[in-house]
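A.B. asks: Please see the structure below; I have some questions.
In the numbering used here, the protein residues as written are 1 to 141.
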């Protein structure tokens, strides 16, 4: 399996639900950097880092199930990675005032994505269409 989030999740479920021994799972990666789309780097001796910061918000609900069943590395027996995460987050919570910046650190307002109100509504109408209604329509149309 790969070392990205999908491959590591597959390994987790093969161990937990499939009863497979961890030593029987091989992790291979096509890229020079570990972590797949998580763009992680590091090694077991020195530790790992995921650049760009990943926050355990609603985007990562799929990880909560796994993290609650994995023993924490730096907490006593009985504590999970999820417990460890919550302790860190409670003591060092963070938030972002902006997702997009311009040169020299100036925050840019991209709340409209540069679209007029009518263009925004056009996109909403498009997203609400059924796939079957779009099968024979080109982008220009």
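Each residue gets a CB set at the ideal place from its N, CA and C atoms; glycine is no exception.
Are there 16 or more other CB atoms within 10 angstroms of the CB of residue 35, so buried, or fewer, so exposed?
C.D. replies: buried
A.B. asks: By the three-class DSSP mapping on this structure, what secondary structure does residue 119 have?
C.D. replies: helix
A.B. asks: Is the beta carbon of residue 9 less than 9 angstroms from the beta carbon of residue 22?
C.D. replies: no
A.B. asks: Label residue 3 either buried or exposed according to how many other C-beta atoms from any shown protein chain fall within 10 Å of its C-beta, with 16 as the threshold for buried.
C.D. replies: It counts as buried.
A.B. asks: So, helix, strand or coil for residue 47, using DSSP?
C.D. replies: Looking at residue 47 - three-state DSSP - the assignment turns out to be strand.
A.B. asks: Please report the residue range of the alpha helix (DSSP H) in which residue 4 lies.
C.D. replies: From DSSP, residue 4 is part of no alpha helix (DSSP H); its letter is neither H nor E.
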